[in-house]
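These notes are about the structure you will find just below.
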Amino acid sequence: MTIKNEIQQLLIKSLQALGLEYSGEIEISYPTAKKFGDYASNIAMVLAKQEKTEPMKLAEKIKEALLTDQELKKLVSEVSIAQPGFINFYLSDQYLQKQVKEIIKQGPKFGQQKSGQGKKIQIEFVSANPTGPLTIGNARGGFYGDVLANVYQALGYQVVKEYLINDSGNQIKTLGHSILKDDEQQYKGKYIDQLNKEIDLKQDVFAIGQQGAKKILDEYIKDTIENKMKIKFDVWFSEHKELCQTGEIKKIIDKITEQGETYEDEGAVWFRSEKYGDTRDRVVIKSDGDYTYLATDFAYAENKFGKRKFDKCIYVWGADHLGDVPGLLNAIKVLGYEGRGEIILQQFITLMKDGQEVKMSKRAGTYITMSELIDQVGHDVARFIFLMYSPSSHINFDLDLAKEKSEKNPVYYVQYAYVRANNILDKAKNMSQEKTGYLENELAIVKILLQWPEILDEVVASKQVNHVTAYAISLADEFHRYYQQYRIIDNDLVNPNRLVVISAYRIILKNVLDLLKISSPEKM
Numbered sequence: 001m002t003i004k005n006e007i008q009q010l011l012i013k014s015l016q017a018l019g020l021e022y023s024g025e026i027e028i029s030y031p032t033a034k035k036f037g038d039y040a041s042n043i044a045m046v047l048a049k050q051e052k053t054e055p056m057k058l059a060e061k062i063k064e065a066l067l068t069d070q071e072l073k074k075l076v077s078e079v080s081i082a083q084p085g086f087i088n089f090y091l092s093d094q095y096l097q098k099q100v101k102e103i104i105k106q107g108p109k110f111g112q113q114k115s116g117q118g119k120k121i122q123i124e125f126v127s128a129n130p131t132g133p134l135t136i137g138n139a140r141g142g143f144y145g146d147v148l149a150n151v152y153q154a155l156g157y158q159v160v161k162e163y164l165i166n167d168s169g170n171q172i173k174t175l176g177h178s179i180l181k182d183d184e185q186q187y188k189g190k191y192i193d194q195l196n197k198e199i200d201l202k203q204d205v206f207a208i209g210q211q212g213a214k215k216i217l218d219e220y221i222k223d224t225i226e227n228k229m230k231i232k233f234d235v236w237f238s239e240h241k242e243l244c245q246t247g248e249i250k251k252i253i254d255k256i257t258e259q260g261e262t263y264e265d266e267g268a269v270w271f272r273s274e275k276y277g278d279t280r281d282r283v284v285i286k287s288d289g290d291y292t293y294l295a296t297d298f299a300y301a302e303n304k305f306g307k308r309k310f311d312k313c314i315y316v317w318g319a320d321h322l323g324d325v326p327g328l329l330n331a332i333k334v335l336g337y338e339g340r341g342e343i344i345l346q347q348f349i350t351l352m353k354d355g356q357e358v359k360m361s362k363r364a365g366t367y368i369t370m371s372e373l374i375d376q377v378g379h380d381v382a383r384f385i386f387l388m389y390s391p392s393s394h395i396n397f398d399l400d401l402a403k404e405k406s407e408k409n410p411v412y413y414v415q416y417a418y419v420r421a422n423n424i425l426d427k428a429k430n431m432s433q434e435k436t437g438y439l440e441n442e443l444a445i446v447k448i449l450l451q452w453p454e455i456l457d458e459v460v461a462s463k464q465v466n467h468v469t470a471y472a473i474s475l476a477d478e479f480h481r482y483y484q485q486y487r488i489i490d491n492d493l494v495n496p497n498r499l500v501v502i503s504a505y506r507i508i509l510k511n512v513l514d515l516l517k518i519s520s521p522e523k524m
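For the sequence shown, the UniProt record's numbering begins at 1 and goes up steadily by one.
See the structure below:
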């Protein structure tokens with residue numbers, strides 16, 4: 001149970017003691033200034049209107065009820081109220097000193113929880129068309145999905161990481177034409193020249209495209225994902241093999257047609273998506289008889305929820321698929337799985353060098369692949385910088401900053417904090433010890449360390465994995481500040497309490513870096 005959870009439970013008991021009813025989740029936040037404590041709740045402001053009273057008066061009543069609870073005294077040293085009705089909690093020094101030892105005891109397991117109760121979660125991400133090497137735009141969701149999966153696993157969920165191979169449809173025909181280098185060629189680049197030499201060009205254009213797609217997937221995409229990005233997918237799901245050849249797409253479209261969810265118009269078959277709040281109905285079978293992407297989405301959703309029984313499925317898409325979101329969500333609703341699918345859109349990336357945008361075009365063959373970017377800046381740097389942004393934020397990836405091997409580079413800044421902690425503990429091994437109390441800065445570090453389980457909860461709730469990188473930077477900030485302000489080892493004497501805090505710090509920072517799949521260097 002996190003500290004936030006404990007405070008929520010204490011508040012629930014206090015509300016019950018006062019005869020107050022509240023069915024929602026009690027919000028617990030971190031105050032903006034230290035003078036307002038370590039945790040705060042706005043519950044008095046939320047309930048004031050219902051109780052027809054002033055928030056400050058209600059906050060005072062809740063505070064009085066809290067102070068009668070013996071469990072509270074194990075956790076906090078003080079409870080205060082502040083305008084316009086916040087209830088503030090101050091963690092006690094005794095609690096912090098006890099918990100820092102608990103961190104050391106649990107080690108790598110600290111922060112892990114069982115709140116997921118073994119529920120099955122599928123995260124489908126990257127899923128770039130196998131028509132060319134993985135670009136940085138294609139790959140953005142890779143690091144995101146990988147870390148989101150790690151967070152879910154840390155909270156006790158069963159997680160499957162999946163890559164949907166789009167190996168059917170028009171893009172495969174287009175790839176075939178590109179390999180043939182005929183009048184319908186759209187994709188260009190050295191890889192197309194190579195495929196033109198390696199593949200038998202006397203076949204049907206779709207067969208040529210499929211052979212090319214398999215080579216691209218095996219030799220370019222998988223290599224980049226597994227060896228450069230360090231992502232291991234549990235499932236590589238072939239759309240052609242699993243949905244097209246099996247007839248699953250036809251089956252599901254026939255099923256929704258029988259349910260009255262489709263109609264024919266102008267030779268095409270339309271899904272009644274507008275009926276479920278969409279701006280328009282959507283085609284599932286084109287007038288030429290080909291299935292649309294939405295028809296495939298229907299079959300894929302049925303495979304996920306119906307056949308494989310996932311409790312929740314997260315789709316990580318590029319922002320260019322925004323227009324497809326209502327269709328998929330309505331498909332999931334019609335199939336009977338409403339609320340179990342969630343779509344995360346990743347915004348675009350601009351690569352910057354010398355203050356200028358690096359122009360890229362996949363179809364013109366002028367782009368930087370993810371493999372090339374990692375070769376230039378390193379895996380740790382590429383991964384960390386990508387993960388610093390929320391999915392809804394555009395990334396301006398500064399190549400010059402990424403190549404900096406200094407504290408200006410956020411990855412080095414965080415890793416250097418780990419190295420500093422490691423060096424102190426190494427130096428202190430054979431030194432004399434003199435026990436004194438804990439400094440205020442040391443207890444401040446412990447407070448941040450104890451937020452780690454709450455950060456994991458927040459990521460699952462918000463799907464914002466950038467909370468983890470922000471937390472890593474805040475850990476580094478606090479430790480660098482502490483290191484610069486105090487002589488941690490003084491005249492070959494060291495305070496064992498200090499070593500306890502630094503040991504706990506090293507454990508948590510290592511846990512964070514491991515979850516991010518960023519290395520923890522011993523020296524720099």
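All C-beta atoms in this analysis are idealised placements derived from N, C-alpha and C, irrespective of residue type, glycine included.
Exercise. Is it true that the CB of residue 505 sits closer than 8 angstroms to the CB of residue 402?
Worked result: The count along the sequence shown starts at 1 and reaches residue 402 at position 402. The count along the sequence shown starts at 1 and reaches residue 505 at position 505. Taking 8 angstroms as the Cβ cut-off, residue 402 and residue 505 do not qualify as a contacting pair.
For this session: State the DSSP-derived secondary structure class of residue 110, mapped to helix, strand or coil.
Result: If you number the sequence shown from 1, residue 110 lands on position 110. For residue 110, the three-state secondary structure derived from DSSP is coil.
Exercise. With which residues is residue 354 paired in a DSSP beta bridge?
Worked result: Here residue 354 corresponds to residue number 354 of the sequence shown, with the count starting at 1. None; residue 354 has no bridge partner.
Exercise. Just the Cα atoms here: how many angstroms apart are residue 30 and residue 87?
Worked result: Numbered from 1 along the sequence shown, position 30 holds the residue referred to as residue 30. Numbered from 1 along the sequence shown, position 87 holds the residue referred to as residue 87. Between the alpha carbons of residue 30 and residue 87 lies a distance of about 11 angstroms.
Problem set entry | Cβ-based neighbour list, residue 413, same chain, cut-off 6 angstroms, excluding 5 preceding and 5 following | As a position in the sequence shown, residue 413 is number 413, starting the count at 1. In the same chain as residue 413, and ignoring 5 residues on each side of it, the C-beta atoms closer than 6 angstroms to its own belong to 407 and 476, in chain order.
Problem set entry | Whole-angstrom distance between residue 503 and residue 533, CA atom to CA atom | Summary: the structure shown does not reach residue 533, with the chain confined to residues 1 through 524, and so no result is reported for it.
Problem set entry | residue 282 (DSSP reduced to helix, strand or coil) | Mapped onto the sequence shown, residue 282 falls at position 282. Reduced to three states, the DSSP call for residue 282 is strand.
For this session: May I have the straight-line CA-CA distance separating residue 110 from residue 220, to the nearest angstrom?
Result: As a working mapping, residue 110 is identified with position 110 in the sequence shown. As a working mapping, residue 220 is identified with position 220 in the sequence shown. Rounded to the nearest angstrom, the two C-alpha atoms are 38 angstroms apart.
Exercise. Between the Cα of residue 230 and the Cα atoms of 70, 489, 431 and 370, which residue gives the shortest distance?
Worked result: Counted from its first residue, the sequence shown places residue 230 at position 230. Looking at the Cα atoms, 370 is the closest of the given residues.
Problem set entry | Span of the alpha helix (DSSP H), counted from its first residue to its last, around residue 210 | As a working note, residue 210 is residue 210 in the sequence shown. 205-216 is the span of the alpha helix (DSSP H), which, as asked, contains residue 210.
Exercise. Can we say the stretch 190-198 touches the stretch 161-179, given the rule of at least three CB pairs closer than 8 angstroms?
Worked result: Flag = yes, the stretch 190-198 and the stretch 161-179 touch.
Problem set entry | Residue from 473, 360, 367 and 317 with nearest C-alpha to residue 164 | If you number the sequence shown from 1, residue 164 lands on position 164. Ranking the options by Cα distance to residue 164, first place goes to 317.
Problem set entry | Of the listed residues 132, 281, 295 and 263, nearest to residue 222 (C-alpha basis) | In the sequence shown, counting from the first residue as 1, residue 222 sits at position 222. Relative to residue 222, the option among 132, 281, 295 and 263 whose CA is nearest is 132.
Problem set entry | Nearest residue (CA-CA) to residue 281, options 305, 245, 325 and 248 | In the sequence shown, the residue the question calls residue 281 occupies position 281. Closest by alpha carbon: 325.
Problem set entry | residue 26 - DSSP class collapsed to helix/strand/coil | Residue numbering aside, residue 26 sits at position 26 when the sequence shown is read from its first letter. Looking at residue 26 - three-state DSSP - the assignment turns out to be coil, as it is neither helix nor strand.
Exercise. Since residue 82 sits in a beta bridge, which residues does DSSP pair it with?
Worked result: The sequence position of residue 82 within the sequence shown is 82, counting from 1. Residue pairing for residue 82: DSSP places it in a beta bridge opposite 86.
For this session: Quick one: measure Cβ to Cβ for residue 56 and residue 19, integer angstroms, because I've assumed they're closer than 8 angstroms.
Result: Working through the sequence shown from its first residue, we reach residue 56 at position 56. Working through the sequence shown from its first residue, we reach residue 19 at position 19. With a Cβ gap of about 19 angstroms, residue 56 and residue 19 do not count as contacting.
Problem set entry | DSSP three-state assignment for residue 407, whether helix, strand or coil | Within the sequence shown, numbered from 1, the residue matching residue 407 stands at position 407. When DSSP states are grouped into helix, strand and coil, residue 407 belongs to the coil group.
Exercise. Any idea what DSSP makes of residue 468, helix, strand or coil?
Worked result: Indexing the sequence shown from 1 puts residue 468 at position 468. Here residue 468 sits in helix by DSSP.
Exercise. Given that a residue counts as buried once 16 or more other Cβ atoms are within 10 Å of its Cβ, and exposed if not, what is residue 161?
Worked result: Taking the sequence shown and counting its residues from 1, one reaches residue 161 at position 161. A residue is called buried when at least 16 other Cβ atoms come within 10 angstroms of its Cβ; residue 161 meets this threshold and is buried.
For this session: Look at the Cβ atom of residue 125, then the Cβ atom of residue 141, and state whether they are nearer than 8 angstroms.
Result: Position 125 of the sequence shown holds residue 125. Position 141 of the sequence shown holds residue 141. With contacts defined by Cβ atoms closer than 8 angstroms, residue 125 and residue 141 form a contacting pair.
Exercise. Thinking C-beta only, is residue 488 closer than 8 angstroms to residue 498?
Worked result: As a working mapping, residue 498 is identified with position 498 in the sequence shown. As a working mapping, residue 488 is identified with position 488 in the sequence shown. The answer is yes: Cβ separation under 8 angstroms.
For this session: Alpha carbon to alpha carbon, how far is residue 91 from residue 240? Give it in angstroms, no decimals.
Result: Counting from 1 along the sequence shown, the entry for residue 240 is found at position 240. Counting from 1 along the sequence shown, the entry for residue 91 is found at position 91. Each residue's CA atom was taken as its position, placing residue 240 and residue 91 some 57 angstroms apart.
Exercise. Identify the residues that DSSP records as bridge partners of residue 318: which are they?
Worked result: Residue mapping note: residue 318 aligns to position 318 of the sequence shown, counting from 1. Beta-bridge pairing links residue 318 to 346.
Exercise. What separation, rounded to the nearest whole angstrom, lies between the Cα atoms of residue 518 and residue 379?
Worked result: As a first step, residue 518 is located in the sequence shown; it is residue number 518 there, counting from the start. As a first step, residue 379 is located in the sequence shown; it is residue number 379 there, counting from the start. Each residue's Cα considered, the two are about 8 angstroms apart.
For this session: Going by DSSP, name the residue or residues bridged to residue 91.
Result: Reading the sequence shown from its first residue, position 91 is the one you call residue 91. Answer by DSSP bridge pairing, in chain order: 76.
For this session: Report buried or exposed for residue 394, applying the criterion of at least 16 other Cβ atoms within 10 angstroms of its Cβ.
Result: What you label residue 394 is simply residue 394 of the sequence shown in a count that begins at 1. Result: exposed.
Problem set entry | Close-in-space but distant-in-sequence residues of the same chain around residue 155 (CB under 7 angstroms, 5 per side omitted) | In the sequence shown, counting from the first residue as 1, residue 155 sits at position 155. These residues qualify, in order along the chain: 113, 115, 116, 456 and 460.
For this session: For residue 301, collect the residues of the same chain with a Cβ closer than 8 angstroms to its Cβ; drop the 5 residues on either side in sequence, then sort them by chain order.
Result: Sequence index remark: in the sequence shown, residue 301 carries index 301 (1-based). Correct list, in chain order: 313, 328, 331, 332, 335, 337 and 341.
Problem set entry | Environment of residue 323 [buried if 16+ CB atoms lie within 10 Å] | Here residue 323 refers to the residue found at position 323 when the sequence shown is read from its first residue. By the neighbour-count criterion, in which 16 or more other beta carbons inside 10 Å mark a residue as buried, residue 323 falls on the exposed side.
Exercise. Any idea what DSSP makes of residue 397, helix, strand or coil?
Worked result: The residue labelled residue 397 in the question sits at position 397 within the sequence shown. DSSP places residue 397 in strand when its eight states are reduced to three.
Exercise. Got a sec, what are the start and stop residues for the beta strand (DSSP E) residue 43 sits in?
Worked result: Taking the first residue of the sequence shown as 1, we reach residue 43 at position 43. In the DSSP assignment, residue 43 falls outside any beta strand (DSSP E) and lies within the alpha helix (DSSP H) extending over 43-51.
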